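Chemist: When you read off a place in the sequence shown, starting at 1, and then add 3, the result is the number in our numbering. Each residue gets a CB set at the ideal place from its N, CA and C atoms; glycine is no exception. As the structure is a prediction and not an experimental result, all values here were calculated from the model.
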Amino acid sequence: MLDDVKTAVETGKLKKIEGIVQETVDEGVPAGEILDAMIATMGVVGDKFQRNEIFVPEMLVAALTMKKGVSVIQPLLAGEGGPKHGKFIIGTVAGDLHDIGKNLVALMVESAGFEVIDLGVDVPAEKFVEAIKENPDCRVVGVSALLTTTMEAMKITVEAIINAGLQSQVKIMVGGAPITPEFAAEIGADAYTPDAGSAATKAVELAG
Ligand code: B1M
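As structure tokens, this is what we get:
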């Protein structure tokens, strides 16, 4: 069944994905495994794009299909109970429209006990700064970037938060495929994590 999920995401079966994921859940496959299969498939989609075997529209439909698939397992991934670690602000940096990874981080952080304020995609540095100022009880902010060309916007965002004197209020977490721990340290972020699960664990630690 996991193979059906992978094929459906890869080939953008938007209308069928919810049923396929639900059947897979009903067969007893853990939600985490279904999520991992979909994440791996986006890697396959990216590789095909790089080899010019598919183009932006196909990549977009695959992304939309994954989002729909994730919505089926979302209740199974999210934990229970209200927020106990305060607020977590998250967004994808200016110029960058990728949001699947950011959404997964938001979902895992929420299930770890945060109230998540999601600023969306293509978020200018000033908007991060404003949101942190408007939420003085927010202790952790997450900044996502998926393109090598938007790593600079991540640097600008982190600098803007630091220059606004907000690093005494919030810890800054960064992540996304092109980001490395070295880059995170270089731009002054407090933490880098490679995936959504470790981001949630780190957020709890930083909010501590
Ligand atoms: Co784009 N894209 N894309 N794309 N896209 C990539 C990123 C690319 C690697 C594909 C490739 O060439 N192999 C490539 C970037 C190359 C580079 O920069 N070196 C690329 C490109 C080039 C582009 C365009 C420039 C294409 C064009 O127009 N010619 C364009 C740029 C648009 C823009 O942003 N301005 C573009 C557009 C798009 C779509 C809109 C079509 C679509 C996005 C739709 C959407 O997100 N709503 C899309 C997609 C789907 C992809 C791929 C195929 C999949 C991305 C994804 O969702 N992965 C991607 C190829 C790939 O990743 N292999 C690709 C699954 C997701 C779960 O993983 O986002 O990495 P990821 O998130 C992970 C971790 O990174 C981490 O946790 C997540 C889950 O565990 N993480 C964090 C993420 N944020 C974090 C924050 C944290 C901590 C961890 O703390 C705060």
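Between H101 and the ligand B1M, is the CB less than 7 angstroms from at least one heavy atom?
Modeler: Yes, the ligand B1M has a heavy atom inside 7 angstroms of this Cβ.
Chemist: Can L169 be considered in contact with the ligand B1M, in the sense that its beta carbon sits closer than 7 angstroms to one or more heavy atoms?
Modeler: Every heavy atom of the ligand B1M is 7 angstroms or more from the Cβ of L169, so no.
Chemist: Out of curiosity, what's the CA-to-CA distance linking V146 and T196?
Modeler: The straight-line gap from Cα to Cα measures roughly 11 angstroms.
Chemist: Can you grab the Cα-Cα spacing for the pair A206 / M176, in whole Å?
Modeler: Their Cα atoms are separated by approximately 8 angstroms.
Chemist: Buried or exposed for K87, going by 16 or more other Cβ atoms inside 10 Å?
Modeler: K87 comes out exposed.
Chemist: For I93, which of helix, strand or coil comes out of DSSP?
Modeler: DSSP places I93 in strand when its eight states are reduced to three.
Chemist: Should L107 be counted as a contact of the ligand B1M given a C-beta to heavy atom distance under 7 angstroms?
Modeler: For the ligand B1M, at least one heavy atom lies less than 7 angstroms from the Cβ of L107.
Chemist: Below 8 angstroms on the Cβ atoms is my contact criterion, and I expect A203 with V126 to pass it. Report the Cβ-Cβ distance as a whole number of Å.
Modeler: Wrong, their Cβ atoms sit about 20 angstroms apart, outside the cutoff.
Chemist: Short of 6 angstroms in beta carbon distance, which residues of its chain neighbour K9, apart from the five on each side in sequence? Order them along the chain.
Modeler: Excluding positions up to five away in sequence, the list reads A40 and T44.
Chemist: Where do the N-terminal and C-terminal ends of the alpha helix (DSSP H) with E61 fall, by residue?
Modeler: Where E61 is concerned, the enclosing alpha helix (DSSP H) stretches over V59 to L80.
Chemist: Hey, out of A34, L100, E30 and A66, whose CA is closest to V47's CA?
Modeler: Among A34, L100, E30 and A66, the Cα nearest to that of V47 belongs to A66.
Chemist: At a cut-off of 7 angstroms, would you count P78 as near the ligand B1M, judging by its Cβ distance to the nearest heavy atom?
Modeler: Answer for P78: no, Cβ out of range of the ligand B1M.
Chemist: Tell me whether G46, by its Cβ, gets closer than 7 angstroms to a heavy atom of the ligand B1M.
Modeler: Because some heavy atom of the ligand B1M lies under 7 angstroms away, the Cβ of G46 counts as near it: yes.
Chemist: Can you look up E189 in the DSSP assignment and give me helix, strand or coil?
Modeler: Looking at E189 - three-state DSSP - the assignment turns out to be helix.
Chemist: In the DSSP output, which residue or residues are listed as bridge partners for L174?
Modeler: As written in the sequence, residue 174 is Lys, which differs from the Leu given in the question. Its beta-bridge partners are V143.
Chemist: Grab the span of the beta strand (DSSP E) containing I120 for me, first residue to last.
Modeler: Element bounds for I120: E118 to D121.
Chemist: What is the rounded straight-line gap between the Cα of A156 and the Cα of E21?
Modeler: A156 and E21: Cα-Cα distance of roughly 35 angstroms.
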